[in-house]
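Here is the structure we will look at, set down as structure tokens.
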Amino acid sequence: MPELQMLNLARNRFSGQLPGSFGSKKMENLDLSGNNLSGRIPQSFGKFMELMELKLSENKLSGNIPDELSLCKKLVFLDLSHNQLTGGIPISLSEMPVLSQLDLSVNQLSGEIPSYLGKVESLVQVNISHNNFHGSLPSTGAFLAISSSAVAGNSLCGGETSGLPPCSGIKSRIPWFLIASLLASLVVLVLAVSFAVFIRGRKKLELKRIESEDGTWELQFLNSRVSKSITINDIVSSIKEENLISRGKNRVSYKGKSTTNNTQFLAEEITSFSTKSSTKIIELCNLKHTNIVKLFGICQSEKVGILVYEYIEGKDLHEALPGLSWERRRKVAIGIAKALRYLHCYCSTGILAGDLSPRKIIVDENDEAHLRLSLPGLVSADNKCFISSAYVAPETRASIGMTEKSDIYGFGLVLIELLTGKSPAADGTEFGIHQSIVEWARYCYSDCHLEIWVDPTIKNHAVMNNQNQIVEIMNLALQCTATDPAARPCAIHIVKTLGSAVKSSSCGFELISANV
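Number 394 in full-length UniProt numbering belongs to position 394 of the sequence shown; there are no gaps in the numbering.
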């Protein structure tokens, strides 16, 4: 039934698991409520791109709510109530641009309510009652005036109209003397830890100064081992043409070596440098992830700032790309996506990649990608060095500001380059009648003849063995570069999609609009 748009099988006695497909890609309304269906909600439901209403209530469905449901960008009404669903509310649900009503009541869902959910402007009605949720209720969006019946049966707090106790006023049933004892012990522990951190922090944050012909230089490292091996003279002396690695609009990168123990490092000289917050530098220096180049510290004078990074043996992506097969390119993409997932989901707020230029992505001998972070708000007060990059989102160019979704757009551009070999910084004639690489890529995606648009250096192998996989990843790239930031996927979804994209020699695929 390829033309089927509406299917209502509610209030019957159907049992067993949900089918992965109903033979139609045009499904708009699907109602299977009030049956005896069991098992998990299929991930393939995310392929119902035209779906506007999905009702699966009053069954025996179990497992987590699949992230793939967020791919149903036209979904307005979602009812999963009265089932046996477990896990938390996936953050990806906040990426559904027109979702208006969400009913998750009477399940076994747990965890906290994602604050992102309260920021979905289209969401007007939510019911999360009778689950195992805890923590504070979001105070924005649909939760602002939520009724008490829609949040009952949980361990939540907050909310002016919800009837829930205030988060600061929940009464404890623990005896007062036990609380007093615990508090006293906690105070002693906090004081001890704070003192230790203070002493250690003072040592770490101590500045080294040296006078030279160029004025006073200051060096700040947050790693004692590196601080002992790399000196100001090592850094300053590395800034010469013979050590040049790459040159950008506002930065020049050099390879340096310690005279103490031959430790190699990368020195990035910034021409328009503004250090607004040492706290931000500390946060970046403390990042630890395989796919992020370690920032050791900063060396600065009145005229210039130099960021000191670990040195990764390899080539930047711009240089390495022509020699990479399709599988190696996909591995690089996964590495970059994992770096973004770490920044967006596991770090404190405000840490963004900023500029995802291939010059800032190092590919080592094992095809592992390493993202070298620039410093938004530290490198340039007005972010002009980012706006001038070809790898930033339209809203950044419009000076609206950078967000996680801006990073996702930049990643989408890199993904298009990995697939096609074309750079967004290329001459406009590269894209024919199209105004940008994104517009050109959307046109390419509508044409299943991969040999026309796939990078010639991987054409033969890619077309023979990976057609569906390449088409699926091009679709992902177009989702990442959607005009509306809210329609772009999150980094978690990107990593999952890149890792699960299926190889196939056929080319059957579903056209998905990225103009949302």
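The C-beta atom is built at its ideal place from N, Cα and C for all residues, glycine as well.
Could you check whether residue j and residue i sit closer than 8 Å to each other, using their CB atoms as the reference points?
| i | j | result |
| --- | --- | --- |
| E58 | N29 | no |
| G141 | G158 | no |
| S33 | L56 | yes |
| L371 | N291 | yes |
| S81 | V120 | no |
| P138 | S105 | no |
| Y254 | I239 | yes |
| V252 | L317 | no |
| I470 | L498 | no |
| G256 | D234 | yes |
| C167 | S147 | no |
If distances are taken between C-alpha atoms only, which option among the options comes closest to residue i?
| i | options | result |
| --- | --- | --- |
| S21 | M49, G34, N35 | M49 |
| E269 | L307, N131, K338 | L307 |
| A339 | S389, L356, V236, V126 | L356 |
| A145 | I232, N223, D67, V126 | V126 |
| N286 | I494, I230, S224, R251 | S224 |
| S237 | F265, L164, A393 | F265 |
| A477 | L222, M6, I437, S374 | I437 |
| L75 | G410, Q469, K26, N36 | K26 |
| E313 | V304, T260, I245 | I245 |
| G410 | V363, L450, P358, A501 | P358 |
| N466 | N132, D67, T231, S325 | S325 |
| V392 | Q43, G354, G248 | G354 |
| N475 | Y309, G412, K459, I458 | G412 |
| E218 | D31, E310, T259, V304 | V304 |
| I494 | I408, A482, W453, N460 | I408 |
| C480 | Y311, N460, I416 | I416 |
For residue i, which residues from the same chain have a beta carbon less than 8 Å from its beta carbon, with the 5 sequence-adjacent residues on both sides left out?
| i | result |
| --- | --- |
| T86 | S62, G63, N64, N107, Q108, L109, S110 |
| K288 | K294 |
| R124 | In the sequence as displayed, the identity of residue 124 is Val instead of Arg. Once the five neighbours on either side are set aside, the close Cβ partners of V124 are S100, Q101, A142. |
| H134 | S110, G111, E112, N154, S155, L156 |
| R13 | N35, N36 |
Leaving out the 5 sequence neighbours to the left and right, which residues in its chain are closer than 6 Å to residue i when beta-carbon positions are compared?
| i | result |
| --- | --- |
| C72 | F48, L51 |
| A152 | S129 |
| D455 | T420, G421 |
| S15 | N36 |
| D103 | D79, S81, N127 |
| G39 | Q17 |
| S500 | none |
| F77 | E53, Q101 |
| G215 | S301, E302 |
| G163 | S148 |
To the nearest angstrom, report how far apart residue i and residue j are at their CA atoms.
| i | j | result |
| --- | --- | --- |
| R11 | N83 | 15 Å |
| N88 | Y342 | Going by the sequence as given, residue 88 is Gly instead of Asn. Those two C-alpha atoms are separated by around 19 Å. |
| I41 | S423 | 39 Å |
| E395 | S406 | 8 Å |
| K315 | K360 | 10 Å |
| E368 | R328 | 9 Å |
| A320 | V332 | 11 Å |
| P322 | L186 | 58 Å |
| I336 | E472 | 18 Å |
| N8 | L37 | 14 Å |
| S92 | N261 | 47 Å |
| N131 | L373 | 41 Å |
| I351 | N35 | 47 Å |
| S389 | A267 | 20 Å |
| S70 | C347 | 23 Å |
| Y443 | E242 | 44 Å |
| F198 | L222 | Unreliable placement is indicated for F198, whose pLDDT of 46 sits below 50; the coordinate value is still reported in the next sentence. Taking the straight line from one Cα to the other gives about 14 Å. |
| E68 | F45 | 7 Å |
| E302 | P165 | 54 Å |
| T259 | I281 | 25 Å |
| Y309 | P489 | 30 Å |
| I458 | N468 | 15 Å |
| E211 | R330 | 48 Å |
| K228 | T263 | 11 Å |
| N460 | I452 | 12 Å |
| T403 | A482 | 14 Å |
| V226 | N366 | 25 Å |
Can you find a heavy atom of the ligand COA that lies under 7 Å from the Cβ of residue i?
| i | result |
| --- | --- |
| R488 | The ligand content of the structure shown is nil, which means the ligand COA is not present either. |
Give every residue of the same chain whose Cβ lies closer than 7 Å to the Cβ of residue i, excluding the five residues on either side of it in the sequence, and list them in chain order.
| i | result |
| --- | --- |
| P97 | K73, S122, D484, A486, A487, V516 |
| C345 | A491, I492 |
| I232 | K208, I210, W217, L219, C299 |
Any Cβ of chain B within less than 8 Å of the Cβ of residue i?
| i | result |
| --- | --- |
| K73 | Among the protein chains of the structure shown there is no chain B, as only one such chain exists. |
Whole runs of the alpha helix (DSSP H) within the region 399-425, excluding any shorter than 4 residues: As far as the region 399-425 is concerned, its whole alpha helix (DSSP H) runs of at least 4 residues are 404-420.
Contiguous beta strand (DSSP E) assignments of at least 3 residues, all confined to the region 20-60: The region 20-60 contains these whole beta strand (DSSP E) runs: 29-31, 36-39, 53-55.
Uninterrupted beta strand (DSSP E) stretches inside the region 90-133 (no shorter than 3 residues): As for any beta strand (DSSP E) of minimum length 3 sitting wholly inside the region 90-133, the runs are 101-103, 125-127, ordered along the chain.
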